[in-house]
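Encoded as structure tokens, the structure appears first; notes follow it.
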Amino acid sequence: MAEFRQVPADATTGQKLLNWVDNRFPLTKLWNDQWGKYYAPKNFNIWYIFGSLAMLVLVMQILTGIFLTMHYKPDAALAFASVEYIMRDVPWGWLVRYMHSTGASAFFIVVYLHMFRGLIYGSYRKPRELIWLFGCGIFLCLMAEAFMGYLLPWGQMSYWGAQVIVNLFAAVPFVGPDLALLIRGDYVVGDATLNRFFSFHVIAVPLVLLGLVVAHLIALHEVGSNNPDGIDIKKNLGPDGHPLDGIPSHPYYTTHDMFGACVFLFLFSAVVFFAPEGGGYFLEYNNYIEANPLKTPAHIAPVWYFTPFYSMLRATTDLMVNVLAVILAVAAVLGILRGNLSAAGKIVLAVGAIVAVALLKTFDAKFWGVVVMGGAVIILFFLPWLDRSPVRSIRYRPDWHKVVYGLMVFFFLVLGYLGAQPPSTAGNYVSQIGTLVYFGFFLLMPWWSRIGTFKPVPDRVTFRAH
Amino acid sequence: MKKILLSLLLALGLHGNASASQAGYPWDKFPTEKLTDMAALQSGARLFVNYCLNCHSASYMRYNRLRDIGLTEDQIKKNLLFATEKVGETMKVSLDARQAKDWFGAQPPDLSVIARSRAEIGRGTGPDYLYTYLRTFYRDDSKATGWNNLAFPDVAMPHALWELQGQRRARFEEVKDAHDPSKTQHRFVGFEQVSAGAQSPVEFDESVADLVAFMAWMGEPAQATRIRVGVWVLLFLGVLTVFVWRLNAAYWRSVT
Numbered sequence: 025m026a027e028f029r030q031v032p033a034d035a036t037t038g039q040k041l042l043n044w045v046d047n048r049f050p051l052t053k054l055w056n057d058q059w060g061k062y063y064a065p066k067n068f069n070i071w072y073i074f075g076s077l078a079m080l081v082l083v084m085q086i087l088t089g090i091f092l093t094m095h096y097k098p099d100a101a102l103a104f105a106s107v108e109y110i111m112r113d114v115p116w117g118w119l120v121r122y123m124h125s126t127g128a129s130a131f132f133i134v135v136y137l138h139m140f141r142g143l144i145y146g147s148y149r150k151p152r153e154l155i156w157l158f159g160c161g162i163f164l165c166l167m168a169e170a171f172m173g174y175l176l177p178w179g180q181m182s183y184w185g186a187q188v189i190v191n192l193f194a195a196v197p198f199v200g201p202d203l204a205l206l207i208r209g210d211y212v213v214g215d216a217t218l219n220r221f222f223s224f225h226v227i228a229v230p231l232v233l234l235g236l237v238v239a240h241l242i243a244l245h246e247v248g249s250n251n252p253d254g255i256d257i258k259k260n261l262g263p264d265g266h267p268l269d270g271i272p273s274h275p276y277y278t279t280h281d282m283f284g285a286c287v288f289l290f291l292f293s294a295v296v297f298f299a300p301e302g303g304g305y306f307l308e309y310n311n312y313i314e315a316n317p318l319k320t321p322a323h324i325a326p327v328w329y330f331t332p333f334y335s336m337l338r339a340t341t342d343l344m345v346n347v348l349a350v351i352l353a354v355a356a357v358l359g360i361l362r363g364n365l366s367a368a369g370k371i372v373l374a375v376g377a378i379v380a381v382a383l384l385k386t387f388d389a390k391f392w393g394v395v396v397m398g399g400a401v402i403i404l405f406f407l408p409w410l411d412r413s414p415v416r417s418i419r420y421r422p423d424w425h426k427v428v429y430g431l432m433v434f435f436f437l438v439l440g441y442l443g444a445q446p447p448s449t450a451g452n453y454v455s456q457i458g459t460l461v462y463f464g465f466f467l468l469m470p471w472w473s474r475i476g477t478f479k480p481v482p483d484r485v486t487f488r489a490h
Numbered sequence: 069m070k071k072i073l074l075s076l077l078l079a080l081g082l083h084g085n086a087s088a089s090q091a092g093y094p095w096d097k098f099p100t101e102k103l104t105d106m107a108a109l110q111s112g113a114r115l116f117v118n119y120c121l122n123c124h125s126a127s128y129m130r131y132n133r134l135r136d137i138g139l140t141e142d143q144i145k146k147n148l149l150f151a152t153e154k155v156g157e158t159m160k161v162s163l164d165a166r167q168a169k170d171w172f173g174a175q176p177p178d179l180s181v182i183a184r185s186r187a188e189i190g191r192g193t194g195p196d197y198l199y200t201y202l203r204t205f206y207r208d209d210s211k212a213t214g215w216n217n218l219a220f221p222d223v224a225m226p227h228a229l230w231e232l233q234g235q236r237r238a239r240f241e242e243v244k245d246a247h248d249p250s251k252t253q254h255r256f257v258g259f260e261q262v263s264a265g266a267q268s269p270v271e272f273d274e275s276v277a278d279l280v281a282f283m284a285w286m287g288e289p290a291q292a293t294r295i296r297v298g299v300w301v302l303l304f305l306g307v308l309t310v311f312v313w314r315l316n317a318a319y320w321r322s323v324t
């Protein structure tokens, strides 16, 4: 047990109170470890604002969510009307609701940018693998939150979007139909589904999410933040034992993040107050029609933040499965011929490839679509071990690596665009190429990330005084 | 590289347009200045209560909310309540849903948020649609109600405002498809007035615009408040941002 500290008799009441608490709970220590005396690299650029913004949006979603829950009715007969009740009869209900609905889209914008930052500066590399894994877990939770939350207004898109996604689980071989039944709690999406999604949305998933956020932050503050140069600032310590290139988060990043939060809130408010529907992308127009199980909309599109993954699902046709089978076979042959494998290893690889191709051809393309869509998210978890480049940051990678990153981002955006459009033949070919580019980026990373002339990494961070 | 990206983007854009152009009759632009015109909104409310509220409900809309468009509770009670409704109630109808289905083939939808639901990305706003829809009814004897509509072909609803507009027929011509000569297109050429209505075409357009303005207002009664508050919020955040920006700069000045 820590020593029981005394404060001088003439200390202020505040100091006495803090000392009383500190002797019983590590309040000052927590503050100093997590923020106050947490030394972060001083060369953070604009990309480093999105972590704290994600935190801000999370708090906002929880607070607005609490107030929405007070007035919302999770009942198939009442849900749609209760949302309109919030919009009309609850004082400032429209504001709370728009903040929550815009917040969902803002959350994804901020988180996608946050993830992209991690990607380009190698923030997932050793020793920050766990931070990245927790982050991927947060992203998964966020997707679950968004998906289940979207059912709650009980509009046509809520209903049919949920119907489509839950039906995907029915494509899983053998257990599929039972699995879909278990998720829905009924044979079609209905009141039972609404109730359980409400429960997951307001308590189950947020609990896990908060736990993961705490783990994400603790892990980050344990190993220290990466920076745009990808340099270990702990290698250059000053006489006071703190990194020479580091700076205490408080007050420097406090004011920094406050400034970022102000700019963000300005843009966010512009949407909430002047374009809350986000042009039909944040609040889909069809969702102002109450859910009708007997009337399927002509075109069912998920909300924009899911569309890249939805495109990959739609891209997985029989043709695509054949292409995947060929790619798998070629990869296996290359592995056997070129890889330094023992005879046993070669046999295992050959048998594995044959089994995989056989499975690809056995099950329905729809099932593989689900696998591709899920895999597109799951593959992110493996990033720390896929990247073999000798440097962390994109700044010191060969220039053509930037083209590779750019291509991946470009196709991700194209996939997002196509996922919001009605299916078309040309669009489908483009999304098939996009899907291959996306997976190629990650699965071939162990090879391409090593190739090229890397630039020398400086000892100290690049910092231009303000 | 940039050229390739640009051409890809262009191709995608064209592809998007191509799929949008398959949709039918183009929508007219709703005169949006009506949205803030109290007289127009009040006239729209009167038309709505007289012509729409017999079959359609607006069951999330309370009568006394009409105070927001400048009516007093007395005016609402005197002019807009006909039966036994109370002023704090929502705009319900006594039409039985099942009977309605028998009569029209479809249940008349609730109109509370109709203006919000009918927008289409790339085609127009909900008011654009309603403004077009309510002005493109025409006589069609092949339909059960005797009416058809350009913006909503084979619609189950008869022309509720026909007394105002009068009766019109639509003329169509068969045109060879420019892209595929083996096909012909059934193309709308124009209306011809069969019997005059109580209003001239110009007056009727005004009336419909008033009615649509009211429905757009009803879709989101908080809209005016939202925009008014929004201006102050942005002003406040703008000023705050400047102060926080300078505060941040003051701290970072000493960092070298």
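For the record, the sequence lines run as chains V and G.
Plus 24 on top of the position in the first sequence (first one is 1) and you've got my numbering.
Plus 68 on top of the position in the second sequence (first one is 1) and you've got my numbering.
Virtual Cβ for every residue (Gly too), placed ideally from N, Cα, C.
Query: Per-residue DSSP class, three states only, for tyrosine 309 of chain V; Result: helix
Query: Residues that methionine 111 of chain V contacts on chain G, provided the C-beta gap is smaller than 9 Å; Result: Tyr128, Val181, Glu288, Pro289, Ala290
Query: Residue of V:Phe28, V:Gly398, V:Tyr429, V:Glu314 minimising C-alpha distance to methionine 336 of chain V; Result: V:Gly398
Query: Spatial neighbours of isoleucine 475 of chain V in its chain, beta-carbon cut-off 8 Å, leaving aside the 5 residues before and after; Result: Pro422
Query: Helix, strand or coil at serine 263 of chain G [DSSP, three-state]; Result: strand
Query: Any C-beta of chain G under 9 Å from that of arginine 66 of chain V; Result: Rather than arginine, the amino acid found at residue 66 of chain V in this sequence is lysine. At least one chain G Cβ lies under 9 Å of lysine 66 of chain V.
Query: Cβ neighbour criterion (16 or more within 10 Å) applied to arginine 29 of chain V; Result: exposed
Query: Per DSSP, the bridge partner or partners of methionine 159 of chain G; Result: G:Ala126
Query: Residues, ordered as in the chain, of the segment 96–109 of chain V that lie near chain G by beta-carbon distance below 8 Å; Result: Ala105, Glu108, Tyr109
Query: Start-to-end residues for the beta strand (DSSP E) that takes in valine 243 of chain G; Result: 234–244
Query: Chain V residues whose Cβ lies nearer than 7 Å to that of alanine 328 of chain G; Result: Within the shown structure, residues of chain G are numbered from 69 to 324, placing residue 328 of chain G beyond reach of any answer.
Query: Bridge-paired residues (DSSP) for asparagine 217 of chain G; Result: G:Phe205
Query: Tyrosine 319 of chain G at chain V interface by Cβ criterion, 9 Å; Result: yes
Query: Closest Cα partner of isoleucine 207 of chain V within the set V:Phe171, V:Ala239, V:His240, V:Val238; Result: V:Phe171
Query: CA nearest to the CA of glutamate 241 of chain G, picked from G:Leu198, G:Leu229, G:Phe259; Result: G:Phe259
Query: Pair within 9 Å by beta-carbon distance, arginine 239 of chain G and phenylalanine 220 of chain G; Result: no
Query: Chain-ordered chain G contacts of proline 275 of chain V [CB-CB under 8 Å]; Result: Tyr319
Query: Contacts around histidine 266 of chain V, its chain only, beta-carbon distance under 7 Å, and the 5 residues preceding and following it disregarded; Result: Tyr63
Query: Proximal residues, the segment 268–301 of chain V versus chain G, C-beta separation under 7 Å; Result: Ile271, Pro275, Tyr276, Thr279, His280, Met282, Phe283, Cys286, Val287, Leu289, Phe290, Ser293, Ala294, Phe297, Phe298
Query: Under the three-state DSSP convention, the category lysine 319 of chain V falls into; Result: coil
Query: Pair within 9 Å by beta-carbon distance, isoleucine 313 of chain V and serine 185 of chain G; Result: yes
Query: Residues bridged to leucine 500 of chain V (per DSSP); Result: Outside the shown range of chain V, which is 25 to 490, sits residue 500 of chain V, and nothing can be said about it.
Query: Residue nearest to lysine 154 of chain G in terms of C-alpha spacing, selected from G:Arg130, G:Ile137, G:Glu274, G:Ile189; Result: G:Arg130
Query: Identified DSSP bridge partners for histidine 254 of chain G; Result: G:Glu242
Query: N-terminal and C-terminal residue of the alpha helix (DSSP H) that alanine 374 of chain V is part of; Result: 367–386
Query: Pair within 9 Å by beta-carbon distance, isoleucine 162 of chain V and isoleucine 418 of chain V; Result: no
Query: Tyrosine 309 of chain V at chain G interface by Cβ criterion, 9 Å; Result: yes
Query: Valine 270 of chain G vs phenylalanine 283 of chain V beta-carbon contact at 9 Å; Result: no
Query: Rounded straight-line distance, which links the Cα of glutamate 157 of chain G to that of alanine 322 of chain V; Result: 35 Å
Query: Assigned secondary structure, proline 94 of chain G (DSSP; H/G/I helix, E/B strand, else coil); Result: coil
Query: Residue-level contact to chain V via CB, serine 89 of chain G, 9 Å cutoff; Result: Unreliable positioning characterises serine 89 of chain G in this predicted model, as indicated by a pLDDT of 41, which lies under 50. The coordinate reading is nonetheless provided below. No, because no Cβ of chain V sits closer than 9 Å to the Cβ of serine 89 of chain G.
Query: Chain G within 9 Å of alanine 128 of chain V, Cβ atoms only; Result: no
Query: Identity of the residue in G:Asp96, G:Gly214, G:Trp95, G:Ala281 nearest leucine 115 of chain G by Cα; Result: G:Ala281
Query: Neighbour-count burial assignment, glutamate 246 of chain V, 16 or more Cβ in a 10 Å radius; Result: exposed
Query: Given 8 Å, three or more beta-carbon pairs between the segment 387–395 of chain V and the segment 182–199 of chain V; Result: yes
Query: The alpha helix (DSSP H) enclosing alanine 103 of chain V, as first and last residue numbers; Result: 103–112
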